[in-house]
Amino acid sequence: MKNNNQSKNAFYFIIILLLALGVYSFFSSPSKAPKDVALSEISQDVKEDKVKSIQVNQDKIIATLKDGNKIQSYKESGVGLSEYGITSDKVAINVSNPDKSNWVVLLLTGVLPIVLIIGFFYFMMRQAQGGNSKAMSFGKSTARLTGPSKKTTFNDVAGLEEAKQELSEIVDFLKKPEKYKKLGAEIPKGVLLFGPPGVGKTLLAKAVAGEAGVPFFSISASEFVEMFVGVGASRVRDLFQKAKRNAPCVIFIDELDAVGRQRGTGLGGSHDEREQTLNQILVEMDGFETDDRVIVLAATNRPDVLDKALLRPGRFDRRVTLDLPDRKDREQILAIYAKNKPLDKKINLNTVAGRTIGFSGADLRNVLNESAILAARDNSNTVSQLHLNEAVEKVIMGPEKKSQILSDQEKQIAAFHEGGHAIIGALLPYCNPVHKVSVVSRGMALGYTMSLPNEDTHLKSKSEFIDDITQLLGGRAAEELIFDEQTTGAQNDLKVATKIAKEMVMVYGMSEVGPISLGEREEVVFLGRELGERQHFSEQKGAEIDKAISGIIFNAEDRAKKILKEHKKELEKISEVLVKEESLEGERLDNLLPKKQEIKIIKKA
12 MKNNNQSKNA FYFIIILLLA LGVYSFFSSP SKAPKDVALS EISQDVKEDK
62 VKSIQVNQDK IIATLKDGNK IQSYKESGVG LSEYGITSDK VAINVSNPDK
112 SNWVVLLLTG VLPIVLIIGF FYFMMRQAQG GNSKAMSFGK STARLTGPSK
162 KTTFNDVAGL EEAKQELSEI VDFLKKPEKY KKLGAEIPKG VLLFGPPGVG
212 KTLLAKAVAG EAGVPFFSIS ASEFVEMFVG VGASRVRDLF QKAKRNAPCV
262 IFIDELDAVG RQRGTGLGGS HDEREQTLNQ ILVEMDGFET DDRVIVLAAT
312 NRPDVLDKAL LRPGRFDRRV TLDLPDRKDR EQILAIYAKN KPLDKKINLN
362 TVAGRTIGFS GADLRNVLNE SAILAARDNS NTVSQLHLNE AVEKVIMGPE
412 KKSQILSDQE KQIAAFHEGG HAIIGALLPY CNPVHKVSVV SRGMALGYTM
462 SLPNEDTHLK SKSEFIDDIT QLLGGRAAEE LIFDEQTTGA QNDLKVATKI
512 AKEMVMVYGM SEVGPISLGE REEVVFLGRE LGERQHFSEQ KGAEIDKAIS
562 GIIFNAEDRA KKILKEHKKE LEKISEVLVK EESLEGERLD NLLPKKQEIK
612 IIKKA
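So for the sequence shown, our numbering puts the first residue at 12; every next one is plus one.
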């Protein structure tokens, strides 16, 4: 590209130079041409001593008179001036060299066309060569190579201890392959990393290459597929050829499901470009010329849609599951991302880790970045605990909409709605503790109640589901109790509550329908997947499911109304304070909420 630009610049420079010479030649010509006269007149002026000098240019004669004027005439070819009575003893005669007089004209008329033609063909050839080089490189791999100098190690990855232990064997093999070969052991050719988005799949793959100190090829699976047939397979072949030349090395394919989806699910059949690319990956990973020093790592959050041939032994032998970090891991992740940020000395990252249950590593990085932005907005030199708490709420609920001002009536309705959520959350034994209640708009919500668990849990009981649904319906129940009216404020609450009740019935078997899983669907393949589904139960069973879901929702609503009737005074007090202060948290909120010991009376009722 650089040479091509230099050629263009040189070509344009020559054109401009020639044009400048032509313009100079045009404007440098004399402004007043000599007067044409007969040759006899010039001869007579010479005899009368009126001529100062004579300039001879081939057959052209220019006479300069003593008064400064010039006259010109022409003589016969091959005849000297003496024949006309003009001799050098009477006047000074100068003879010009005709080859030097018209050099600019010769240059413009003779050389310039040739230069223009040569320059045109040279320019066209350069363009053609550039196009051919692009065409020839179209099937080349676009994988990015990261050398051993840019090291990311397991120390840069917080948590994921089990995953790191699984991958440490890959590192050990790349460093000491003889240790395994002498025992007849074969290292996995491929390792599939799958888990929710943001848990650190790409970071962990870089750490494997960094620990082993080998080259690291990284590419997204979508970069293989193009609109032209065969390009994807060509790029796969080129990638593995480069990897073999740099072996031992690691190939990392991100978002494998872009080309690794199950085959035979579209209109293209075996001629589909994506399927051709997948076939080439299968051959390269477990073919006749497979190099066991090339390890393939791949990441996806959709392992359920991958082709079975990818997952069989010999391709992706090992599958590593990456889960969301627990509290201890979250604290370590926060500490890593906080290294380059000036945190206040009073900040407790453990407290922040407790408030971010369910956050991935990417979410935690975003929290620290948002807290730094908030600190800069406040012109603060350090990031404080308040900035971190505000960042957590911003990531969960969205930014505050301070410009969205509610009317007095809407603010009162929102206060009672959130107060209903808070009271039920404080009383029911399986609800998460209420940390904050606010009527300040965030995201799509006019207000919110933040309930956070004290510890990470992996199992959910039926009683916990029922208490969660009851708390979700507490806002709607409070509106009906105080205003005898229903509003659109409970839209999202109803959506979430219905989803939980549906899963209780159809997935977890927590209803009178019985311990039957009815949530699986048989996908109908027509112009792709997931465009049609067939249910595995009859219409009668469907009616039972609808009845069970409705029963869970109605019972939870009745329970919420009953609780709020018994604690109407607390509801009114919390709503009154929320209208004035807009937000409640900490000790101030705890003093207004009813205590947990009262739950025994409610459960008996």
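Beta carbons: idealized from backbone N, C-alpha and C, even for Gly.
Legend entry - Proximity below 8 Å, CB of residue 588 to CB of residue 422: Numbered from its first residue, the sequence shown carries residue 588 at position 577. Numbered from its first residue, the sequence shown carries residue 422 at position 411. Contact flag unset, no.
Legend entry - Close Cβ partners of residue 480 (< 8 Å) along its chain, the five nearest in sequence each way excluded: Residue mapping note: residue 480 aligns to position 469 of the sequence shown, counting from 1. So the list reads 508, 511, 512, 563, 564, 567, once near-sequence residues are dropped.
Inset, instruction - Please check if any C-beta of chain B sits within less than 8 Å of the C-beta of residue 26. - result: No chain B is part of this structure, which consists of one protein chain only.
Legend entry - Residues bridged to residue 265 [DSSP beta-bridge criterion]: Position 254 of the sequence shown, counted from the first residue, corresponds to residue 265. Answer by DSSP bridge pairing, in chain order: 231.
Legend entry - Separation of residue 401 from residue 379, as counted between CA atoms: For this step, residue 379 is matched to residue 368 along the sequence shown. For this step, residue 401 is matched to residue 390 along the sequence shown. Going by the C-alpha atoms only, they are around 11 Å apart.
Legend entry - Where residue 620 falls: helix, strand or coil (DSSP): Summary: the structure shown does not reach residue 620, with the chain confined to residues 12 through 616, and so no result is reported for it.
Legend entry - Residue nearest to residue 371 in terms of C-alpha spacing, selected from 520, 171, 273: For the purposes of this step, residue 371 is taken as the residue at position 360 of the sequence shown. When each option's Cα is compared against that of residue 371, the closest is 171.
Legend entry - Helix, strand or coil at residue 519 [DSSP, three-state]: For the purposes of this step, residue 519 is identified with residue 508 of the sequence shown, where counting begins at 1. If DSSP states are grouped into helix, strand and coil, residue 519 belongs with coil.
Legend entry - Secondary structure of residue 66, DSSP reduced to three states: Start at 1 with the first residue of the sequence shown, and residue 66 comes out as number 55. It is a strand residue.
Inset, instruction - Work out the CA separation of residue 327 and residue 428 for me, nearest whole Å. - result: Here residue 428 corresponds to residue number 417 of the sequence shown, with the count starting at 1. Here residue 327 corresponds to residue number 316 of the sequence shown, with the count starting at 1. Their backbone Cα atoms lie some 52 Å apart in a straight line.
Legend entry - In chain order, each beta strand (DSSP E) run of at least 3 residues that lies wholly inside the stretch 178 to 211: 201 to 205
Inset, instruction - Count the other C-beta atoms from every protein chain shown that fall within 10 angstroms of the C-beta of residue 4, then say buried if there are 16 or more, exposed otherwise. - result: There is no way to answer for residue 4, as the model of the chain reaches only from 12 to 616.
Legend entry - Cβ-based burial, residue 133 [other Cβ within 10 Å; buried from 16]: On the sequence shown, residue 133 is found 122 positions in, with the first residue counted as 1. Residue 133 comes out exposed.
Legend entry - Nonlocal neighbours in the same chain, by C-beta distance under 7 Å from residue 206, ignoring five residues either side: As a position in the sequence shown, residue 206 is number 195, starting the count at 1. Excluding positions up to five away in sequence, the list reads 212, 312, 332, 333, 334.
Legend entry - residue 142 classed as buried or exposed, judged by whether at least 16 other C-beta atoms fall within 10 angstroms: Stepping through the sequence shown from its first residue, residue 142 is reached at position 131. Low per-residue confidence applies at residue 142: pLDDT is 46, beneath 50, and the placement is therefore not dependable enough to give any value.
Inset, instruction - Compute every distance between the C-beta of residue 47 and the non-hydrogen atoms of the ligand COA, then say whether any falls below 7 Å. - result: The ligand COA is not part of this structure, which contains no ligands at all.
Legend entry - Helix, strand or coil at residue 133 according to DSSP, with G and I counted as helix: Locating residue 133 in the sequence shown gives position 122, where the first residue counts as 1. Reduced to three states, the DSSP call for residue 133 is helix.
Legend entry - Bridge-paired residues (DSSP) for residue 47: Start at 1 with the first residue of the sequence shown, and residue 47 comes out as number 36. Partner(s): 83.
Legend entry - Spatial neighbours of residue 559 in its chain, beta-carbon cut-off 7 Å, leaving aside the 5 residues before and after: Residue 559 sits at position 548 when you count from the first residue of the sequence shown. Answer for residue 559: 516, 522, 523, 524, listed in chain order.
Inset, instruction - Go to residue 492, then tell me how far its beta strand (DSSP E) extends in each direction, as first and last residue. - result: Here residue 492 refers to the residue found at position 481 of the sequence shown. Taken as a continuous stretch (DSSP letters only), residue 492 belongs to no beta strand (DSSP E), being part of the alpha helix (DSSP H) at 485 to 494.
Legend entry - Residue interval of the alpha helix (DSSP H) (run including residue 586): Counting from 1 along the sequence shown, the entry for residue 586 is found at position 575. Start and end: 579 to 592.
Inset, instruction - Hey, could you find the ends of the alpha helix (DSSP H) residue 448 is sitting in? - result: The residue labelled residue 448 in the question sits at position 437 within the sequence shown. Not the alpha helix (DSSP H): residue 448 falls in the beta strand (DSSP E), residues 445 to 449.
Inset, instruction - Work out the CA separation of residue 242 and residue 149 for me, nearest whole Å. - result: In the sequence shown, counting from the first residue as 1, residue 149 sits at position 138. In the sequence shown, counting from the first residue as 1, residue 242 sits at position 231. In this prediction, residue 149 scores a pLDDT of 49, lower than 50, which makes its location untrustworthy; the coordinate-derived value is nonetheless stated afterwards. Spanning the two alpha carbons is a distance of roughly 7 Å.
Inset, instruction - Select from 68, 222, 166, 396 the residue whose C-alpha is nearest the C-alpha of residue 359. - result: Within the sequence shown, the letter at position 348 stands for residue 359. The shortest C-alpha separation from residue 359 is found at 396.
Legend entry - Spatial distance of residue 447 from residue 232 (CA atoms): Residue numbering aside, residue 447 sits at position 436 when the sequence shown is read from its first letter. Residue numbering aside, residue 232 sits at position 221 when the sequence shown is read from its first letter. Taking the straight line from one Cα to the other gives about 43 Å.
Legend entry - Own chain residues within Cβ distance below 6 Å of residue 66, not counting five before or after: Reading the sequence shown from its first residue, position 55 is the one you call residue 66. Correct list, in chain order: 73, 105.
Legend entry - Endpoints, the beta strand (DSSP E) within which residue 71 is located: Here residue 71 is taken as the residue at index 60 of the sequence shown, counted from 1. From DSSP, the beta strand (DSSP E) with residue 71 extends over 71 to 76.
Inset, instruction - Can you tell me which of 26, 375, 248, 194 puts its alpha carbon nearest to the alpha carbon of residue 287? - result: Here residue 287 corresponds to residue number 276 of the sequence shown, with the count starting at 1. Nearest C-alpha to residue 287: 248.
Legend entry - Beta-carbon proximity list for residue 399, same chain, < 6 Å, skipping 5 on both sides: As a position in the sequence shown, residue 399 is number 388, starting the count at 1. 363, 382.
Inset, instruction - With a cut-off of 8 Å on the beta carbons, I'd call residue 445 and residue 600 a contact; round off their distance for me. - result: As a working note, residue 445 is residue 434 in the sequence shown. As a working note, residue 600 is residue 589 in the sequence shown. Their Cβ separation, rounded to whole angstroms, is 7 Å, which keeps residue 445 and residue 600 in contact under 8 Å.
Legend entry - Limits of the alpha helix (DSSP H) - the one that residue 245 falls within: Numbered from 1 along the sequence shown, position 234 holds the residue referred to as residue 245. Looking at the DSSP string, the run of the alpha helix (DSSP H) that includes residue 245 is 242 to 256.
Inset, instruction - Return helix, strand or coil for residue 92, following the three-state DSSP convention. - result: Position 81 of the sequence shown holds residue 92. Assigned with DSSP and collapsed to three states, residue 92 falls in helix.
Legend entry - Expected contact under 8 Å - CB spacing of residue 486 and residue 575 to nearest Å: Residue mapping note: residue 486 aligns to position 475 of the sequence shown, counting from 1. Residue mapping note: residue 575 aligns to position 564 of the sequence shown, counting from 1. Contact flag wrong, Cβ pair sits at about 10 Å.
Inset, instruction - Pick helix, strand or coil for residue 507, following the three-state DSSP scheme. - result: Here residue 507 refers to the residue found at position 496 of the sequence shown. Residue state, collapsed to three classes: helix.
Inset, instruction - Tell me residue 105's beta-bridge partners as DSSP assigns them. - result: If you number the sequence shown from 1, residue 105 lands on position 94. BP columns for residue 105 point to 66.
Inset, instruction - Verify whether the separation of the beta carbon atoms of residue 209 and residue 346 is less than 8 Å. - result: Along the sequence shown, read from residue 1 onward, the residue named residue 209 stands at position 198. Along the sequence shown, read from residue 1 onward, the residue named residue 346 stands at position 335. Going by C-beta atoms, residue 209 is not nearer than 8 Å to residue 346.
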